[in-house]
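Residue numbers (my numbering), protein chains in the order written: chain A, 1 to 756; chain B, 1 to 358. The beta-carbon is built from N, C-alpha and C at its ideal position, and this holds for glycine as well. Shown next, in structure tokens, is the structure this report addresses.
Put into structure tokens, the structure is as follows:
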């Protein structure tokens, strides 16, 4: 018996992609067999959405004509479903240009039909003209201009694309006209993240990267390419954008391009959308061309999906080059023939601009952008006994990894994280890094010394991708699986050391890693001038410029360091540092109610103007950095920096996750314990709750430690009856009998059995 | 014009409910006599709002067709952003209230929904609220349509016509419980229970969802926990007569004396309510309570009831009272279930049959 609700729950609880598409296809089949027209339409629409939003839209394209026919045959569902049908129709006309199999006559027919139906259902023709402009954008300037002018004449309606998508098209039109200034002006709301959607700013970044690449601005091109890649890697619906990036990387960053290519190879083989395939193949061909100057063969199990046979040395670069060229050229020719205008073949035949990559990199570092090229992260793992490279390789193979390989003295592994794939390089039995004089945070110097005396050290190197804390959690989880017997780790990039217990803890609890674990703040001073200078170490590993502050002296440097620390943590949580002269943080002087904005300046210009004799001027900068001139902010002791909402939620989740450890500790002798709970304010306040701190008495009862503004009758010291549970807990603190100080959820590993 | 404005300001001087409704009705008559569409519409909006939030929604159902016809007749009302928006808000309330009246057919309800959707589309609004209300109705009518609606509701963005975050999560709770996904429901309720999200009807409506869920599964201690949190928030409010009905059913199995007290407090409200759904749900609860009393021989407590005016009908017999409420409930249940084409309310009425027979 056909039970649509069961099908709906099944489908909606599946991950997006091919499995969900298949399940929807089965539901369509059953609805057809049962002749249930409502559900025939419903599941077809779902199928089209899935194919369009989370795939290459090929199957959606095939499904649409039948969907439209059923819709027309059953006017009884017209009122209920015309909105869905018009959305599906809009998507269809949006990707007509991708398929050379659809003749120009058919394209015209579909557009005409879309126009008629838009009018019938009272939708503005704005979308119709916008899709026309998009269709001709790459091939016919005149038709684009006419359609774009019409698009602007009509108001938005319910069937319109979102504002972000519309701005993106406007930007493209102006870039095409060579009016960069107007294009940038229009796209500002997208670049400021005020307008976004499922595909914006992803595709916007790709278009800007392509534009700057072709218009003699490689630094800008790389900037947007980096932003784009973070959003699109591993997603089938963005294969065309991946192709654009490959073309850019083939000139500016072959290593980055190679990574993108191999991780996208499987998506490329699965893709049935000709234009996406053509653009990716074209970029991959350019990549292989660049590699051919350096290598004869490439190795990666991820290339096993390609129909090119490897030899003993791997895949021949020449053969891969030919493979991609043939696909790209074949489709480009067909698309040009369909459009009757040569466009894609000439684009393939054109020569790409040549740039000096070193100069480009230098420009990026000196630019006014907050986002920079990621630097490598290196983590040293200290072990009790020596392990050979062979043993390391065996351990890697046993761990949950995508694939591993070994070359000379290095083992390579790819680990799937919640968001993407991490490439790791590991070496066994490396000499311990000379950390004695290095400023390592996180452990006492004595503990570090013990760590360094470990007889073996393995070193892991990787380039991080995805959300910083989540990625770091995945690395720690992997290290736990690989080295259960470790003594501890030192993050050599952020210069932070941690004992094995913490690594186990942070690799188990998803919310244990805080932004502060991913970088350090270091200070140096001049006795002569009394000046103190501070900088972060580690932000560069996440593609963010390191931040420095100037303007402090021996009196106030602690407060300045606090400001820098909070700003850096906020930027890391967002995985974003604004560009020069844009606001990073807003501060407020509570007394005067004055507000201040904190921005960074490029060191080159900032220091020369503001503090030509500062010690920061003479500091050696290995990484691109930005200067915060904090001494421009008056009355610093009264400034309150905004707290991060993300970190607040993380800490609440961690308090919930580690509640069992806390409750266990309450059963043993303790000096002091506190909880922050959702306390009920009582009947007079409609039983509302408010998070309030309470002290836990030795008998387990709770005594209020603060008052509520809403319920002043609740006095400090009042007993409260709220039960400590995952639903009520916000935070906790405890000092066990033998501990020196308070333990917080972040240090909950100290409450585990072996510690206590 | 100035007089009408003053009349509107005066509404707030009248007690909420019937007195204020009477006053607004007078204002409507005045605006009608002057033939001023904007004021005719505006007062009707006030009237409808008052009936929805401080009454039993009966008068809202009466005034709405008038409002709709005014709106359709006068182009100026479409052009005015405020009235166009108000029309959507009224529609939102009505599509939720209409199913509470069995005299409104499925066809009419569906046509209201269609018109509401069309209007939302025309004004370029999110369909989130449409799918939410449609799901709410179809949860009792057609599980498949409700499922399709629910996921669309989640996918659509919230906007200024939507009910806000608190009710957004409450809808999720209600739906997940209806498909026996307790864990997901608890997750969705988290912010409401922690007091971080609230509205006029929350958290009591969310607690009520859980009471019904545990009641149907005979997990009485869980249901009692939520009933404790709910009761104080809903007593003596005609808006919550349905929740009182659920509490009566629960107390029939857990603490009959409390149930009797609650019944006694709300019997008058029941008699005056013009909302068939609320009356039916109260009657179902009262039937359960008195059936249980009869079974447990709770004759003494019966004398404390403030039902003197019906003493002759009831003759101080729980059995007779149970019989009376059964008849009332059953007659309403049949109307609702026939209209909806399901046995949703019949199952509710017969929820405790096994217990009464054993």
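Residue i vs residue j beta-carbon contact at 8 Å
i                      : j                      : result
residue 548 of chain A : residue 677 of chain A : no
residue 20 of chain A  : residue 31 of chain A  : no
residue 104 of chain A : residue 272 of chain A : no
residue 540 of chain A : residue 623 of chain A : yes
residue 763 of chain A : residue 253 of chain A : Nothing can be reported for residue 763 of chain A, as the shown portion of chain A is limited to 1 through 756.
residue 259 of chain B : residue 270 of chain B : no
residue 89 of chain A  : residue 114 of chain A : yes
residue 28 of chain B  : residue 43 of chain B  : yes
residue 340 of chain B : residue 95 of chain B  : no
residue 194 of chain B : residue 689 of chain A : yes
residue 224 of chain A : residue 246 of chain A : no
residue 711 of chain A : residue 682 of chain A : yes
residue 206 of chain A : residue 173 of chain A : no
Sequence-distant residues of its chain with Cβ nearer than 7 Å to residue i (five each side left out)
i                      : result
residue 430 of chain A : 457, 458 and 459
residue 183 of chain B : none
residue 343 of chain A : 138, 139 and 336
Within-8 Å CB hit, residue i to chain D
i                     : result
residue 42 of chain A : The structure shown contains no chain D; its protein chains are A and B.
Spatial distance of residue i from residue j (CA atoms)
i                      : j                      : result
residue 153 of chain B : residue 145 of chain B : 12 Å
residue 169 of chain A : residue 118 of chain B : 28 Å
residue 466 of chain A : residue 388 of chain A : 32 Å
residue 746 of chain A : residue 479 of chain A : 19 Å
residue 832 of chain A : residue 238 of chain A : The structure shown does not extend to residue 832 of chain A, since chain A spans only 1 to 756, so no value can be given for it.
residue 12 of chain A  : residue 36 of chain B  : 50 Å
residue 312 of chain B : residue 324 of chain B : In this predicted model, residue 312 of chain B has a pLDDT of only 48, less than 50, meaning its place in the structure is not dependable; the value taken from the coordinates is given anyway. For residue 312 of chain B and residue 324 of chain B, the distance between alpha carbons rounds to 12 Å.
residue 254 of chain B : residue 655 of chain A : 36 Å
residue 337 of chain B : residue 576 of chain A : 56 Å
residue 529 of chain A : residue 613 of chain A : 10 Å
residue 34 of chain A  : residue 2 of chain A   : 7 Å
residue 135 of chain A : residue 144 of chain A : 8 Å
residue 213 of chain B : residue 191 of chain A : 47 Å
residue 714 of chain A : residue 724 of chain A : 19 Å
residue 175 of chain B : residue 129 of chain B : 15 Å
residue 244 of chain A : residue 578 of chain A : 25 Å
residue 756 of chain A : residue 507 of chain A : Because the pLDDT at residue 756 of chain A is just 43, under 50, the model does not fix this residue reliably, and the point stays unresolved.
Any chain A beta carbon closer than 8 Å to residue i
i                      : result
residue 193 of chain B : yes
residue 341 of chain B : no
residue 151 of chain B : yes
residue 122 of chain B : yes
residue 82 of chain B  : no
residue 217 of chain B : no
Sequence-distant residues of its chain with Cβ nearer than 6 Å to residue i (five each side left out)
i                      : result
residue 281 of chain B : 242 and 245
residue 230 of chain A : none
residue 154 of chain A : 124, 125 and 126
residue 335 of chain B : 102
Closer than 8 Å to chain B by CB, residue i
i                      : result
residue 215 of chain A : no
residue 88 of chain A  : no
residue 467 of chain A : no
residue 55 of chain A  : no
residue 12 of chain A  : yes
residue 52 of chain A  : no
residue 122 of chain A : yes
Chain-order list of residues whose beta-carbon lies under 8 Å from that of residue i (same chain, five-residue window excluded)
i                      : result
residue 411 of chain A : 389, 392, 393, 396, 404, 405, 425, 426, 427 and 428
residue 666 of chain A : 673, 696, 700 and 734
residue 192 of chain B : 166, 169, 170, 173, 198, 202, 203 and 206
residue 360 of chain A : 218, 219, 222 and 252
Check distances from the C-beta atoms of the region 132-162 of chain A to those of chain B and list, in chain order, the residues that come in under 7 Å. Using a CB distance below 7 Å, the part of the region 132-162 of chain A facing chain B consists of 156, 157 and 158, ordered along the chain.
Tell me which residues of the region 130-147 of chain B have at least one Cβ-Cβ distance to chain A shorter than 9 Å, keeping chain order. Correct list: 142, 143, 144, 145, 146 and 147.
Against chain A: residues of the region 157-182 of chain B by CB proximity under 8 Å: 179
Please list the residues of the region 78-110 of chain B that have a C-beta atom closer than 8 Å to any C-beta atom in chain A, keeping them in chain order. none
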